[in-house]
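Inspection log for the structure reproduced underneath, given as structure tokens.
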Amino acid sequence: MTLLIRGGTVVTHDTTFCADVLCEDGTIIAVGPDLDAPADAEIVDAKGQYVMPGGIDPHTHMQMPFMGATASEDFYTGTAAALAGGTTMIIDFVIPNPGQSLIEAYRTWRGWAEKAAADYSFHVAVTWWADSVAEEMGTLVREYGVNSFKHFMAYKNALMATDDILVESFTRCLELGAVPNVHAENGDLVAHLQQKLLAQGITGPEAHPLSRPPQVEGEAAGRAIRIAGTLGAPVYLVHVSTKDALDEITTARASGQVVFGEVLAGHLLLDDSVYQNEDWATAAAYVMSPPFRPKGHQEALWNGLRSGNLQTTATDHCCFCAEQKAMGRDDFTKIPNGTAGVEDRMALLWDAGVNAGKLSMQEFVAVTSTNTAKIFNLYPRKGAVSVGSDADLVVWDPHGKRNLSAKTHHQNIDFNIFEGLEVTGIPRHTISRGKLVWSDGELRAESGAGRYVDRPPYPGLYDSLRKRNELATPKAVVR
Ligand code: DUC
Ligand code: ZN
Ligand code: ZN
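Sequential numbering from 59 applies to the sequence shown in the numbering used here.
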């Protein structure tokens with residue numbers, strides 16, 4: 059199958075030029091001016107539009123069983139919505155229950171993901187520790203294409219990884235060449251504050267941000283970074299939502315430590331006033347962790363992206379509908395945590411980033427696609443417009459408009475946290491593995507068309523880290 063994208067302006071993370079892009083059997087086979095295509099090739103007219111790598115969302119939770127509910131978005135509906143928004147790959151999370159085999163959980167998630175319409179990969183969470191966990195981490199890296207492991211520092215008595223687990227697991231990640239990820243919130247403090255608020259009779263969604271104030275994230279981020287730094291391991295902080303955590307990352311990076319930071323579209327654009335809504339269901343719809351933050355943090359996060367101290371953007375897409383959120387009607391700690399955004403991230407970053415002069419087009423590509431591909435060792439297969447790369451592309455109309463709304467989005471959730479926002483700059487066409495899957499408002503997603511993408515360990519990063527650690531190895535005094 060051949061597809062020619064004709065007459066557009068190619069934008070990558072480091073350059074912009076006029077060129078056609080020719081795709082065959084899922085791969086880009088030529089990039090250049092005035093390309094010929096066979097008579098039966100599908101032609102996409104990209105005049106006046108930008109041709110960019112499809113978005114990669116490194117943080118989604120399709121179909122996730124969590125807090126007594128199951129996320130309403132499955133791997134088909136979620137990846138179809140992603141394609142409608144110009145995102146052509148997700149990295150989701152396998153989350154074993156404490157005590158459960160990591161490989162057993164991995165197989166379960168792989169089974170759920172078979173219906174995906176776009177390419178996908180998995181981080182695997184470490185929620186407990188034993189020799190068998192260390193062994194299975196090795197098997198996952200060597201045989202199953204996993205090069206990143208997630209650690210929840212929150213969710214006490216459920217998924218929380220305590221410091222001893224972080225030390226064991228980060229050490230193992232370093233041996234294996236895998237990147238440890240952390241959800242940085244101090245789970246003990248959260249549990250304490252939740253009980254205190256309930257005892258004070260504050261039971262509604264307004265208590266949610268009060269139970270997880272910025273310092274709860276800042277403390278955990280600093281701790282994870284210091285643990286990683288002491289061990290000589292890299293660390294990737296998911297959903298950095300506060301200036302407090304960003305400052306920890308910035309300081310560590312300035313001292314030469316390998317630390318990466320991800321920011322969510324929601325944390326860049328929304329603030330904690332949403333929890334004051336007088337309608338319980340509306341306020342509850344915004345309950346996610348970490349919560350939306352007081353005004354001021356958003357500007358700091360934009361500056362983090364612009365300065366390169368934050369490298370990736372994501373959504374933490376985790377959908378719970380109104381009737382699921384209602385489980386916490388009398389107790390905010392029981393509201394399933396999660397919000398949606400996989401369909402809207404690219405347009406939000408373009409509108410609030412590029413149109414507002416906060417990001418260049420190249421920076422937009424870097425933070426929505428290429429940086430994720432590089433950190434998780436998918437580049438240049440993904441995140442590039444180059445010969446030999448997967449033909450995962452978006453043809454971007456910088457003048458097109460979209461009104462973000464639950465009434466029109468494709469996400470399987472009855473609420474849109476960006477409801478009513480009009481964005482300028484939208485995906486006119488999305489190409490997944492060389493196939494046109496979103497075109498002028500028509501979604502042609504196909505269940506099962508997405509493939510699992512292996513992510514082998516990243517030798518470039520680990521070779522230098524190991525060398526650095528070796529040089530820093532202390533020597534015994536010979537007496
Ligand atoms: N936060 C959420 O809001 N949902 C899923 C998991 C998480 O960490
Ligand atoms: Zn999280
Ligand atoms: Zn998450």
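We put the beta carbon where it would ideally sit given N, CA and C, even for glycine.
Inter-residue Cα distance where the pair is residue i and residue j
i: Ala282; j: Trp496; result: 40 Å
i: Leu359; j: Ile149; result: 22 Å
i: Val199; j: Gln334; result: 45 Å
i: Cys376; j: Arg537; result: 60 Å
i: Gly112; j: Gly143; result: 10 Å
i: Thr73; j: Gln420; result: 7 Å
i: Gly245; j: Lys493; result: 44 Å
i: Pro123; j: Glu131; result: 11 Å
i: His119; j: Ala163; result: 14 Å
i: Ile471; j: Thr397; result: 9 Å
i: Lys465; j: Gly324; result: 19 Å
i: Ala257; j: Asp389; result: 11 Å
i: Gly287; j: Asp92; result: 51 Å
i: Leu268; j: His355; result: 16 Å
i: Ile86; j: Arg64; result: 13 Å
i: Arg311; j: Asp305; result: 10 Å
i: Met445; j: His457; result: Going by the sequence as given, residue 445 is Val instead of Met. If I take the Cα positions, the gap works out to 28 Å.
i: Leu407; j: Val481; result: 10 Å
i: Cys76; j: Ala99; result: 20 Å
i: Thr70; j: Leu247; result: 43 Å
i: Lys392; j: Asp455; result: 42 Å
i: Ile260; j: Pro116; result: 35 Å
i: Ile114; j: Ala405; result: 13 Å
i: Glu504; j: Asp177; result: 12 Å
i: Phe378; j: Ala343; result: 8 Å
i: Ser190; j: Gly280; result: 29 Å
i: Ala88; j: Val68; result: 13 Å
Cross-strand partners of residue i (DSSP beta bridge)
i: Val298; result: Per DSSP, none; premise fails for Val298.
i: Trp454; result: Tyr108, Pro485
i: Arg64; result: Asp103
i: Pro238; result: Phe207
i: Tyr178; result: Ile148, Tyr510
i: Gly90; result: Asp78
i: Glu480; result: Asn461
i: Ile393; result: According to DSSP, which records beta bridges pairwise, Ile393 is partnered with nothing at all.
i: Ser490; result: Lys493
i: Gly319; result: Leu295
i: Asp115; result: Ile148
i: Leu268; result: In the DSSP output, where bridge partners are listed per residue, Leu268 has none listed.
i: Leu501; result: Trp496
i: Val69; result: Thr74
i: Pro123; result: Thr128
i: Thr370; result: Glu320
i: Ala183; result: Lys208
Buried or exposed (CB count within 10 angstroms, at least 16 for buried), residue i
i: Arg165; result: exposed
i: Ala541; result: In the structure as shown, the chain begins at 59 and stops at 537. Residue 541 is therefore absent and cannot be evaluated.
i: Met110; result: buried
i: Asp548; result: As displayed, the chain neither begins before 59 nor continues past 537, which places residue 548 out of reach and without an answer.
i: Trp357; result: Per the sequence shown, the amino acid found at residue 357 is Glu instead of Trp. So Glu357 ends up on the exposed side.
i: Asp498; result: exposed
i: Gln252; result: buried
i: Thr531; result: exposed
i: Ala97; result: exposed
i: Leu255; result: buried
i: Asn413; result: exposed
i: Pro238; result: buried
i: Leu529; result: exposed
i: Arg526; result: exposed
i: Asp94; result: exposed
i: Ser522; result: exposed
i: Ala216; result: exposed
i: Pro517; result: exposed
i: Gly411; result: buried
i: Asn461; result: exposed
i: Ser313; result: exposed
The segment 354–374 in contact with the segment 89–108 per 3-pair CB rule at 8 Å: no
At least 3 beta-carbon pairs within less than 8 Å: the segment 450–460 vs the segment 481–492: yes
Cβ contact (3+ pairs, closer than 8 Å) linking the segment 415–434 and the segment 77–91: Not touching, per the Cβ criterion.
Meets three-Cβ-pair contact criterion under 8 Å: the segment 235–244 and the segment 267–276: yes
At least three beta-carbon pairs within less than 8 Å, the segment 165–183 to the segment 398–413: no
Inter-stretch contact (C-beta, 8 Å, three-pair minimum) for the segment 501–514 and the segment 200–207: Output reads yes: the segment 200–207 touches the segment 501–514.
Test item, CB below 7 Å from any non-hydrogen atom of ligand 3: His117, His119, Phe151, His241, Val296, His297, Asp374, Cys376
Sufficient close CB pairs (3 or more, under 8 Å) joining the segment 334–351 to the segment 250–270: yes
Inter-stretch contact at 8 Å, needing at least 3 Cβ pairs: the segment 181–196 / the segment 216–235: Contact holds: three or more Cβ-Cβ distances are below 8 Å.
Contact the segment 336–353 vs the segment 292–300: 3+ CB pairs below 8 Å: yes
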